[in-house]
Amino acid sequence: MMTRNSDYFISWEERGNIPARAKADVFVSIYGNSAGAGHPDTSELEAYDYDSGLGLTHIVDRSILQSLNVRTRGVRRY
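So the mapping is simple: our numbering equals the position in the sequence shown, first residue as 1, plus 5.
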């Protein structure tokens, strides 16, 4: 389930409510952070787990890193 397809803010509380409303078994949230084309050193991946898919979140994070030339901020929990 894609929660958004453009850049707009969703509060942390609301992000935490998404899996419950969707009745999700696993919720992994992937972010591509960037300060823009003029700052390629700030482009990085960030992955969040919501209490159910920590192993899966690590697998997704590593898989993306193998495919893209991007740094990671690692896996975090909501």
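Even glycine gets a Cβ: it sits at the ideal position worked out from N, Cα and C.
With a cutoff of 8 Å on beta-carbon distance, Y53 and S34 are scored as near each other. Inter-residue distance for V80 and L50 is about 9 Å (C-alpha atoms, whole angstroms). Taken atom to atom, the span from the alpha-carbon of E19 to that of A25 is near 10 Å.
When DSSP states are grouped into helix, strand and coil, V75 belongs to the coil group.
Using a Cβ distance threshold of 8 Å, L61 and V31 count as a contacting pair.
Here S34 is bridged, per DSSP, to Y53.
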